[in-house]
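Worksheet: the structure to be examined is printed underneath.
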Amino acid sequence: MQAAGWRPRWSSWRSRASSPGSAGSAAGPTRLRLSPSRAWRCRIRTSWRPPSPLLLPSWARPSPGLSMAAARVGSWSSNRFDARWGRDCLSSGPTARCHHRPGRRQRGLRGPAAALALGCSHAPGVDRPVRGSGCPRDRQHHARRSRHRKNRMTLLEAVPQATTTTVGLPTVLLSGMVWVPALAAIGLLFFPTRTDAHRERMRSFAIGTTGLVLGLAVVMWYGFRDQSGTFAYEETRPWLVGAGSSYHLGVDGVSMAMLLLSAFLFLFAVLTSGRVREQTKEYFILLLILETGVNGVFASLDYLLFFLFWQLQTIPMFLLIARFGGPRRLAAAWKFLAIDLAGSGLLLLAILILYFKAPSRTFDMVTLHDAVLPVALATLIAWLFFIAFAVRLPVFPFHTWFIDAQAEAPAPVAMILAGLLLKLGGYGIIRVDVGEFQEAFHRFVGAVVVIAVVTVLWSAVAALAQDNLRRLLGYVVMSHMGLVLLGAAAAVPLAINGAVLTMLADGLSASLLLLLAAAIIERANTSSLRAMGGLAGRMSRSTVLWVLAALAAAGFPGLAGFVGQLLVVLGAYPGHRLATPLALLGVLVVAGVLIWTSQRIFFGPAAEQYGRVRDVGTLELANGVGLLSLIVLLGVLPAILMDSVNFSVLTMLSRGSG
1 MQAAGWRPRW SSWRSRASSP GSAGSAAGPT RLRLSPSRAW RCRIRTSWRP PSPLLLPSWA
61 RPSPGLSMAA ARVGSWSSNR FDARWGRDCL SSGPTARCHH RPGRRQRGLR GPAAALALGC
121 SHAPGVDRPV RGSGCPRDRQ HHARRSRHRK NRMTLLEAVP QATTTTVGLP TVLLSGMVWV
181 PALAAIGLLF FPTRTDAHRE RMRSFAIGTT GLVLGLAVVM WYGFRDQSGT FAYEETRPWL
241 VGAGSSYHLG VDGVSMAMLL LSAFLFLFAV LTSGRVREQT KEYFILLLIL ETGVNGVFAS
301 LDYLLFFLFW QLQTIPMFLL IARFGGPRRL AAAWKFLAID LAGSGLLLLA ILILYFKAPS
361 RTFDMVTLHD AVLPVALATL IAWLFFIAFA VRLPVFPFHT WFIDAQAEAP APVAMILAGL
421 LLKLGGYGII RVDVGEFQEA FHRFVGAVVV IAVVTVLWSA VAALAQDNLR RLLGYVVMSH
481 MGLVLLGAAA AVPLAINGAV LTMLADGLSA SLLLLLAAAI IERANTSSLR AMGGLAGRMS
541 RSTVLWVLAA LAAAGFPGLA GFVGQLLVVL GAYPGHRLAT PLALLGVLVV AGVLIWTSQR
601 IFFGPAAEQY GRVRDVGTLE LANGVGLLSL IVLLGVLPAI LMDSVNFSVL TMLSRGSG
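In the numbering used here, the protein residues as written are 1 to 658.
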C-alpha cells in the first residue's frame with residue numbers, strides 16, 4: 001500500500017535511513033532521501049513518485065510528445081539497472097548507502113534529452129530511459145559504452161508512446177456534443193409552424209444548437225490538442241450490464257478531428273437551409289437527429305453503442321432524401337435504405353460473432369482488443385466489418401446508391417451525405433479493421449488494395465462520361481474515398497495520416513462544390529453541363545469560389561487536398577509499387593475533369609437564357625467564404641489537427657501489432 005501524497009526531501013546526495021518506526025524495521029517500509037538525479041534513475045518500489053511537470057511554470061513544462069520521446073532515449077533495458085542499483089541503494093538496515101552519484105554523462109543522456117527526461121511523469125512501474133547501470137565499477141557498463149556512442153538512440157528515432165494525461169475539462173462535454181442535437185430536436189416539437197416568422201425562429205434555434213455543438217467541439221479540441229494518443233474525455237456509465245454493454249464514450253486524435261468536421265458541416269448545412277419552406281419542423285428535427293447519430297459513431301467505444309448510433313443515421317437520411325429531394329427522390333431514397341440496411345446487417349453480424357466468441361462477454365472495444373481469437377475467425381470478423389464499412393464509404397461495386405442519392409438530395413443534405421456519412425465508412429475501417437484487427441486485416445489486404453485502385457479508376461472514367469453536374473461531383477468524391485481506402489490498406493502511419501487528412505479535406509471541398517452547384521443549377525435552371533457556359537461574367541463570386549474549391553479537390557498545393565493525397569501516395573508506394581501509381585493516375589484524371597468542368601460552366605460563350613442570371617447572395621457568399629477559409633487553413637497549417645492525429649495513429653498501430 002503506497003502512502004498517498006508523500007514525497008522525499010532532497011537533503012543530501014546519500015541515502016539515509018529514517019527512524020526505526022519507518023525505515024527498515026518491522027514498523028514500516030524504508031523511506032529513502034535521495035537526490036533528484038538518483039531518484040529518477042532508481043525505480044524505487046515504495047511510496048515515492050516523481051514530481052509532476054504540471055507543478056512547473058507553463059513555459060518550463062515539456063510537451064507530452066517530447067517527454068515520451070525523451071523517455072525512449074537509450075538502448076539498454078532498465079531491468080539490469082534495477083538489479084544493480086536495487087542491491088546498492090535499497091539494501092535494508094540503517095546503514096544503507098548509495099556509493100556513487102550517477103550524473104547525466106553516466107546515464108547516457110546529454111543536454112535537452114536529459115532535461116526532458118527529468119520532466120517526465122510516469123507511474124512507478126514504467127521503465128525509465130537508461131543506457132547502463134550508471135555505476136563506474138560496472139565493467140559491463142564500460143564495455144558497452146564507446147567514445148562516439150554509436151548505439152545511442154536520438155530523439156528523432158524515438159517513437160512517441162501513449163500516456164494517460166489528465167484533461168482539465170469535464171468529460172460530460174463529449175456527451176453534450178452527442179446529445180444536445182437530440183434534445184434540441186425534441187424541443188422543436190413544441191414550436192409552432194404557422195407563419196414565416198415561426199419557421200425562421202425554428203431555423204434560428206437549429207443554428208444556435210449546431211453553433212453550441214461547434215463551440216463544444218472547439219473547447220474539447222483546445223483541451224485535447226496536447227494529448228499523446230490516448231483516449232480523452234472518457235465517460236463510462238452502466239447501461240446494459242447483464243449484456244456486457246456500457247455507455248462508453250471517448251475520443252483520440254482521429255475521432256476528435258472527425259468531430260470537428262462534423263460540427264462545422266452541420267452548422268453550414270443549417271445555415272444554407274433557408275430555402276426550406278415546407279415541413280420546416282420535420283426537416284430540422286431530422287437534421288439534428290442525424291447529427292446525434294454521426295457524433296455518436298465518432299465518440300463510441302462500445303460496439304453495441306457504435307451500432308445503435310450507426311443505425312440512428314439511416315432513417316433520418318432516408319426521410320430527408322425522400323421528402324425534400326428532387327424529382328427522382330423516392331427511387332434514390334429506397335435504394336439508399338436497402339443497401340445501407342444490408343451493410344448494417346453485416347456490421348451487426350460481425351459484432352455478435354465477436355461478442356459470443358470472445359473469452360469475455362462484453363461489447364467494450366478496449367477490452368475486446370486484447371481478446372485472443374482463432375486466425376480464421378478473426379479474419380472472418382475483419383471481412384464482415386470491412387464490407388459493412390465499404391458499403392458506406394462507398395467503393396466499387398457498392399457505390400450506386402450514393403450517386404443516385406447525391407443527385408437527388410437537397411443541397412444541405414448532400415453536403416452531409418458526401419462530407420460526413422461517407423467518412424464514417426473510412427473512419428470505421430481505420431478504427432476497427434486497422435486498429436483492432438490489424439493482423440487479420442493484413443491477410444486480405446491485397447484484395448482491399450485492388451478494390452481501392454478499381455474505385456479510383458472507375459470514378460475517374462465515370463466522371464469523364466457525366467453530363468449531370470451533381471452526379472459528376474459524386475464520382476469525384478468517390479475517387480477520393482478510394483484513395484482513403486488505399487491509405488488505410490497500407491497500414492503505415494504516413495498513409496493513414498494522409499487518409500484522415502484526405503477525409504477532412506474532401507469533406508470541406510465537396511461541401512463547398514455542392515453548395516455552389518446547387519446555386520448554379522437553380523439559377524441556370526438546368527443541371528446539364530452541355531447547356532452551361534459563360535457564367536463567369538454574370539456570377540463572378542461563384543466563379544472564384546468554384547475555381548478555388550475545384551483546385552482544392554484536385555490537390556493543388558497550398559490547399560487542403562494536396563497534403564492528404566501526397567501523404568497517402570508516399571506512405572502506400574513502398575508496399576504497393578504497382579497499385580499506387582495506378583491510383584495516382586486516377587486522381588490526376590479526376591483533377592483534369594474538375595478543371596475541364598470549370599471551363600465548361602464559367603468560360604466560353606454564354607447562353608442567351610443567362611442574361612438575367614444573378615450571382616450568389618450575401619448569406620451564400622458568407623457560407624462559401626467560411627468553407628473556403630477552412631480549406632486554406634487546413635492546407636497551410638495541417639499540423640493544427642495532424643499532430644494529435646499522428647500520435648493516435650502511432651498508438652493505434654502499436655496496439656494493433658501487439
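The beta carbon of each residue, even a glycine, is placed where N, CA and C say it ideally should be.
Enumerated in chain order, which unbroken segments of the alpha helix (DSSP H) with a length of 4 residues or greater are wholly contained in the segment 294-366?
303-312, 314-324 and 329-357
Considering only residues of the same chain and omitting the five flanking positions on each side of lysine 150, which have a CB-CB separation below 8 angstroms?
Reading the sequence shown from its first residue, position 150 is the one you call residue 150. In this prediction, lysine 150 has a pLDDT of 42, which is less than 50 and means its spatial position is unreliable; what the coordinates show is noted afterwards. Nothing listed; no residue qualifies.
Using a Cβ-Cβ cut-off of 6 angstroms (strictly less than) and excluding sequence neighbours within five positions of isoleucine 416, which residues of its own chain qualify?
Here the question's residue 416 lines up with position 416 in the sequence shown. If we look at isoleucine 416 and ignore the five residues flanking it on each side, its Cβ neighbours are Ala269.
Return the chain-ordered ranges of every alpha helix (DSSP H) run that is complete within the segment 404-456 and spans a minimum of 4 residues.
411-416, 422-428 and 438-443
From Ala536, Ala499, Ala552 and Glu522, residue whose alpha carbon lies closest to that of alanine 510
Here residue 510 refers to the residue found at position 510 when the sequence shown is read from its first residue. Among Ala536, Ala499, Ala552 and Glu522, the Cα nearest to that of alanine 510 belongs to Ala552.
Measuring only the C-alpha atoms, how far is alanine 458 from alanine 550?
Here residue 458 refers to the residue found at position 458 when the sequence shown is read from its first residue. Here residue 550 refers to the residue found at position 550 when the sequence shown is read from its first residue. What sits at residue 458 in the sequence shown is tryptophan, not alanine. Approximately 20 angstroms, taken between the alpha carbons.
N- and C-terminal bounds of the beta strand (DSSP E) containing valine 251:
Within the sequence shown, residue 251 is the residue found at index 251, counting from 1. Where valine 251 is concerned, the enclosing beta strand (DSSP E) stretches over 245-251.
Check whether the segment 446-466 and the segment 500-519 are in contact - that is, three or more C-beta pairs closer than 8 angstroms.
no
According to DSSP, which residues form a beta bridge with arginine 237?
In the sequence shown, the residue the question calls residue 237 occupies position 237. For arginine 237, which the question treats as bridged, DSSP gives the partners Tyr247.
Let me confirm a value: histidine 369 is counted as buried when at least 16 other C-beta atoms fall within 10 Å, else exposed. Which label applies?
Numbered from its first residue, the sequence shown carries residue 369 at position 369. Per the 10 Å Cβ criterion, exposed.
According to DSSP, is alanine 528 helix, strand or coil?
Counted from its first residue, the sequence shown places residue 528 at position 528. Looking at the sequence provided, one finds serine at residue 528 rather than alanine. In the structure shown, serine 528 sits in a strand (DSSP, three-state: E or B).
Enclosing alpha helix (DSSP H) for threonine 543 [first to last residue]:
For the purposes of this step, residue 543 is taken as the residue at position 543 of the sequence shown. Its alpha helix (DSSP H) spans residues 540-554.
Going by C-alpha distance, which of Val484, Ala518 and Ala505 is nearest alanine 572?
Looking up residue 572 in the sequence shown gives position 572. When only C-alpha atoms are compared, the closest one is Val484.
N-terminal and C-terminal residue of the alpha helix (DSSP H) that valine 587 is part of:
Residue numbering aside, residue 587 sits at position 587 when the sequence shown is read from its first letter. Per DSSP, valine 587 belongs to the alpha helix (DSSP H) from 579-602.
What does the Cβ neighbour count give for aspartate 252, buried or exposed, with the cut at 16 atoms within 10 Å?
The count along the sequence shown starts at 1 and reaches residue 252 at position 252. Buried, by the Cβ-count rule.
Do phenylalanine 266 and threonine 210 have their beta-carbon atoms positioned less than 8 angstroms apart in this structure?
Translated into positions along the sequence shown, residue 210 becomes position 210. Translated into positions along the sequence shown, residue 266 becomes position 266. In this structure, phenylalanine 266 lies closer than 8 angstroms to threonine 210 by Cβ.
Under the rule that 16 or more other beta-carbon atoms within 10 Å means buried, what is glycine 624, buried or exposed?
Your numbering for residue 624 matches position 624 in the sequence shown. Label assigned to glycine 624: buried.
Just tell me which of Ser255, Ala358 and Phe363 has its CA closest to the CA of valine 375.
Looking up residue 375 in the sequence shown gives position 375. Per the Cα distances, Ala358.
State the start and end residues of the unbroken alpha helix (DSSP H) segment that holds phenylalanine 190.
Here residue 190 corresponds to residue number 190 of the sequence shown, with the count starting at 1. Careful: phenylalanine 190 lies outside any alpha helix (DSSP H) and carries neither H nor E.
So, is arginine 431 buried or exposed, given that buried needs 16 or more other C-beta atoms within 10 angstroms?
Within the sequence shown, residue 431 is the residue found at index 431, counting from 1. Flag for arginine 431 reads buried.
By DSSP, does alanine 232 sit in helix, in strand, or in coil?
Mapped onto the sequence shown, residue 232 falls at position 232. Alanine 232: strand per DSSP, three-state reduction.
Restricting to Cα atoms, I'd like to know which of Thr367, Arg577, Gly555 and Gln313 is closest to valine 449.
For the purposes of this step, residue 449 is taken as the residue at position 449 of the sequence shown. Comparing Cα positions, the closest option is Arg577.
Between which two residues does the alpha helix (DSSP H) containing asparagine 623 stretch?
In the sequence shown, residue 623 corresponds to position 623, counting from 1. Note, asparagine 623: alpha helix (DSSP H), 618-636.
Quick check on aspartate 433: buried or exposed, where buried means 16 or more other Cβ atoms within 10 Å of its Cβ?
Translated into positions along the sequence shown, residue 433 becomes position 433. Per the 10 Å Cβ criterion, buried.
Considering only the beta carbon of each residue, do methionine 256 and serine 644 sit closer than 8 angstroms?
Stepping through the sequence shown from its first residue, residue 256 is reached at position 256. Stepping through the sequence shown from its first residue, residue 644 is reached at position 644. Against a cut-off of 8 angstroms, the Cβ pair of serine 644 and methionine 256 comes out as a contact.
Extent of the continuous alpha helix (DSSP H) run through tyrosine 475
Numbered from its first residue, the sequence shown carries residue 475 at position 475. Its alpha helix (DSSP H) spans residues 469-490.
Quick check on arginine 655: does DSSP put it in helix, strand or coil?
Within the sequence shown, the letter at position 655 stands for residue 655. Residue state, collapsed to three classes: helix.
Quick one: is the Cβ of alanine 299 within less than 7 angstroms of any heavy atom of the ligand GTP?
Among the components of this structure there are no ligands whatsoever, and the ligand GTP is therefore not found.
Helix, strand or coil for histidine 198? Go by DSSP, reduced to three states.
Reading the sequence shown from its first residue, position 198 is the one you call residue 198. The answer is helix: DSSP assigns histidine 198 an H, G or I state.
Under a three-way DSSP split, which group does proline 397 fall into?
Your numbering for residue 397 matches position 397 in the sequence shown. Looking at proline 397 - three-state DSSP - the assignment turns out to be coil, as it is neither helix nor strand.
Measuring straight from C-alpha to C-alpha, what distance separates tyrosine 222 and leucine 290?
Indexing the sequence shown from 1 puts residue 222 at position 222. Indexing the sequence shown from 1 puts residue 290 at position 290. Using only the alpha carbons, I get a separation of about 25 angstroms.
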